[in-house]
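Enquirer: My structure is below; once you've seen it, I'll send some questions.
Numbering (my numbering), first residue to last: 7 to 172.
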């Protein structure tokens, strides 16, 4: 069974999804990879995991750094999970490039190099946006490229974290 909960954020309505124990998805309405069919087959509920996630989001949107991460379950490929694990290490207020993530993955796998483009694809399919901070991943020139929730939201999240000031 999949459960959902809707949270109203400063950036619009966010839909949370859970298997009952862990967070399985967090999407802005209209997000590029929003799983409409997946959500339409769910039941709305107010679960402890949603309360934890709402607490995390409330702290985050008050411009503070949450000191915990809600339990997360990623039903994805090992490569995408490895990319998400690296994104979870990017500190609040900082960014990392697709190329830097590719270098970390290549080193971990004993490879000479890894495709930054492949990393970009994995970042774009992050099912738990914001908590797994894909908005902190930028292009080689620190350009704001790709964000499934839209570049305007990515910009607002980075401004919230005081990563950029423009």
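Just so you know, even glycine gets a beta-carbon here, dropped at the ideal spot from N, CA and C.
Quick caveat, the model's predicted, so the values are computed rather than measured.
Can you name the start and end residues of the alpha helix (DSSP H) that residue 92 belongs to?
Expert: The residue you call residue 92 lines up with position 86 of the chain shown. It spans 84-93 - the alpha helix (DSSP H) in which residue 92 sits, taken as one unbroken run.
Enquirer: Please report how far the alpha carbon of residue 66 lies from the alpha carbon of residue 121, in whole angstroms.
Expert: Against the chain shown, residue 66 aligns to sequence position 60. Against the chain shown, residue 121 aligns to sequence position 115. Whole-angstrom Cα-Cα distance: 31 Å.
Enquirer: Answer yes or no: do residue 163 and residue 131 have a C-beta to C-beta separation smaller than 8 Å?
Expert: The count along the chain shown starts at 1 and reaches residue 163 at position 157. The count along the chain shown starts at 1 and reaches residue 131 at position 125. Result no, Cβ atoms of residue 163 and residue 131 do not sit closer than 8 Å.
Enquirer: Could you give the first and the last residue of the continuous alpha helix (DSSP H) run that contains residue 99?
Expert: Within the chain shown, numbered from 1, the residue matching residue 99 stands at position 93. Here residue 99 belongs to no alpha helix (DSSP H), and DSSP marks it neither H nor E.
Enquirer: Starting from residue 149, trace the beta strand (DSSP E) in both directions and tell me its first and last residue.
Expert: Locating residue 149 in the chain shown gives position 143, where the first residue counts as 1. Note, residue 149: premise wrong, no beta strand (DSSP E); not H, not E.
Enquirer: CB residue 29 to CB residue 55, shorter than 8 Å?
Expert: Numbered from 1 along the chain shown, position 23 holds the residue referred to as residue 29. Numbered from 1 along the chain shown, position 49 holds the residue referred to as residue 55. Yes, the Cβ-Cβ distance between residue 29 and residue 55 is below 8 Å.
Enquirer: So, with DSSP's three-state summary, where would you put residue 18?
Expert: For the purposes of this step, residue 18 is taken as the residue at position 12 of the chain shown. Three-state result, residue 18: strand.
Enquirer: Could you check how far apart the C-beta atoms of residue 37 and residue 155 are, in whole angstroms? I think they sit under 8 Å.
Expert: Position 31 of the chain shown, counted from the first residue, corresponds to residue 37. Position 149 of the chain shown, counted from the first residue, corresponds to residue 155. That pair is a contact at about 5 Å.
Enquirer: Exposed or buried, what is residue 97 when buried is set at 16 or more other beta-carbons lying within 10 Å of its beta-carbon?
Expert: Numbered from its first residue, the chain shown carries residue 97 at position 91. Exposed: under 16 other Cβ atoms inside 10 Å.
Enquirer: I'd like to know whether the C-beta atoms of residue 82 and residue 48 end up nearer to each other than 8 Å.
Expert: To locate residue 82, count along the chain shown from 1; it is residue 76. To locate residue 48, count along the chain shown from 1; it is residue 42. No, the pair does not count as a contact, with Cβ atoms beyond the cut-off.
Enquirer: When every heavy atom of the ligand MN is checked, does at least one fall within less than 7 Å of the C-beta of residue 11?
Expert: Absent from the structure shown: the ligand MN. Ligands present: none.
Enquirer: Taking residue 127 as the reference, which of 89, 20, 161 and 15 has the closest Cα?
Expert: Walking along the chain shown from the start, residue 127 turns up at place 121. The residue with the shortest Cα to Cα distance from residue 127 is 89.
Enquirer: So what does residue 166 bridge to, in DSSP terms?
Expert: Taking the first residue of the chain shown as 1, we reach residue 166 at position 160. DSSP output for residue 166 lists no bridge partner at all.
Enquirer: Quick one, are the C-beta atoms of residue 137 and residue 75 less than 8 Å apart?
Expert: Reading the chain shown from its first residue, position 131 is the one you call residue 137. Reading the chain shown from its first residue, position 69 is the one you call residue 75. Going by C-beta atoms, residue 137 is nearer than 8 Å to residue 75.
Enquirer: Do residue 107 and residue 143 have their beta-carbon atoms positioned less than 8 Å apart in this structure?
Expert: On the chain shown, position 137 is the one that residue 143 refers to. On the chain shown, position 101 is the one that residue 107 refers to. Yes.
Enquirer: What residue range does the beta strand (DSSP E) around residue 29 cover?
Expert: As a position in the chain shown, residue 29 is number 23, starting the count at 1. Element bounds for residue 29: 29-34.
Enquirer: Given this structure, state the Cα-to-Cα distance separating residue 50 from residue 14, to the nearest angstrom.
Expert: The residue given as residue 50 occupies position 44 in the chain shown. The residue given as residue 14 occupies position 8 in the chain shown. One C-alpha to the other measures close to 15 Å.
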